[in-house]
Structures are given as structure tokens and as C-alpha cells.
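Here my numbering is used: the first residue of the sequence shown is 12, the next is one more, and so on.
Some notes on the structure that comes next.
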Amino acid sequence: QFYVADFRQFEVISPNEKQLTQLGGNILARELQRVNPKLERALMGVRISNEMIGTQFHPEADPMSMLYHFRQPERKHQVVTEHGEEKYYDMIAHLEDPENILLTRERILPRFLRHAMIQLTPDEYLSETTLEPLGVLDHKAAANQ
Numbered sequence: 012q013f014y015v016a017d018f019r020q021f022e023v024i025s026p027n028e029k030q031l032t033q034l035g036g037n038i039l040a041r042e043l044q045r046v047n048p049k050l051e052r053a054l055m056g057v058r059i060s061n062e063m064i065g066t067q068f069h070p071e072a073d074p075m076s077m078l079y080h081f082r083q084p085e086r087k088h089q090v091v092t093e094h095g096e097e098k099y100y101d102m103i104a105h106l107e108d109p110e111n112i113l114l115t116r117e118r119i120l121p122r123f124l125r126h127a128m129i130q131l132t133p134d135e136y137l138s139e140t141t142l143e144p145l146g147v148l149d150h151k152a153a154a155n156q
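Structure below.
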């Protein structure tokens, strides 16, 4: 489980998983809970290719910017109107704990970049020197993470 900055007004549900697989993609994440339980959980992350991932959220978000954003009167009004005051303050409490957003930021982006670099770099160019800054000892195993 990880926390994300999610500003969606549109979402993907009921994907054609067979077609996605045939195109070389796969589903990486779905939302944990549905606001409307009549609908299936929306997609939150999809690997489109070795070099491309699509997310429904902002993995680059940082806690301070997010707190600033959600404390703006118009954003607070929008969240309270759509989800209620209790949900708004719950969200602020999560943002005030930097571990929530930082965990996502520190895991999602580095893993994506490491995976893409390994996938796009021919084996003969990969060495301990190029991979050490990425914290990779075994590039074959790391490419599958």
C-alpha cells in the first residue's frame, strides 16, 4: 500500500486485460477502495512498455507542495464538497506525515528509472560502474522488479 496524489476526474475501469497483454502491457496497481462500490476498482498504474508507465496519480508529488495545494481555499472547498469535511482533514493528516508521500516518491520513480535504464541499455554496456549509483548489483534481477 502506498499513498498518492490523485486528482482524477476520469478513470479507467474494466480494461480489456487480454488486449493489454497482447500489446505488451500489464496492470501494476488498482485503487485500494472504491467510493462507489458498484464499480470495480479503477486502474492506478499500467506498464505500457519497458520504457513507459502510465499512472493515475502523481508519483513525483512532495508533501510540502501537496499540503500547500490542499490548504488553498478553493481546493479545500472542492474536497469538502465532494468528499466531506472529515475526509478533508483525514487527507491533511496523511499529508502532514511525510512518510506517506515520500515513501511513494522514493520507491516509484527510482524503480521506474532503474527498470527503464536496464531495459534500454544493451548488456555489453551495463557494468558495476553504471549500475552502482542505482543500487543495482544484478541487472537481470533488477530489470524484473
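Built from N, CA and C at the ideal position, the CB exists for glycine as well.
Quick caveat: nothing in here was measured; it's all calculated off a predicted structure.
Assigned exposure category for residue i - 16 Cβ within 10 Å defines buried
| i | result |
| --- | --- |
| A77 | Before going further, note that residue 77 is Met rather than Ala in the sequence given. By the 10 Å Cβ count, M77 comes out buried. |
| L106 | buried |
| H94 | exposed |
| R19 | exposed |
| P133 | exposed |
| H126 | buried |
| I129 | buried |
Contact check, residue i vs residue j, beta carbons under 8 Å
| i | j | result |
| --- | --- | --- |
| P48 | I38 | no |
| A96 | Q67 | One detail in the question is off: residue 96 reads as Glu in this sequence, not Ala. For E96 and Q67, no; Cβs fall outside 8 Å. |
| L31 | R41 | no |
| Y99 | V90 | yes |
| P70 | T115 | yes |
| A72 | I103 | no |
DSSP state of residue i mapped onto helix, strand, coil
| i | result |
| --- | --- |
| A104 | helix |
| T132 | coil |
Determine contact between the stretch 114–130 and the stretch 54–65, defined as no fewer than three beta-carbon pairs at a distance below 8 Å. yes
Fully enclosed by the stretch 20–61, which beta strand (DSSP E) runs are 3 residues long or longer? 37–41, 54–60
Please give the ranges of any alpha helix (DSSP H) in the stretch 65–115, keeping only runs that are unbroken, at least 4 residues long and fully inside the region. 74–81, 84–94, 96–107
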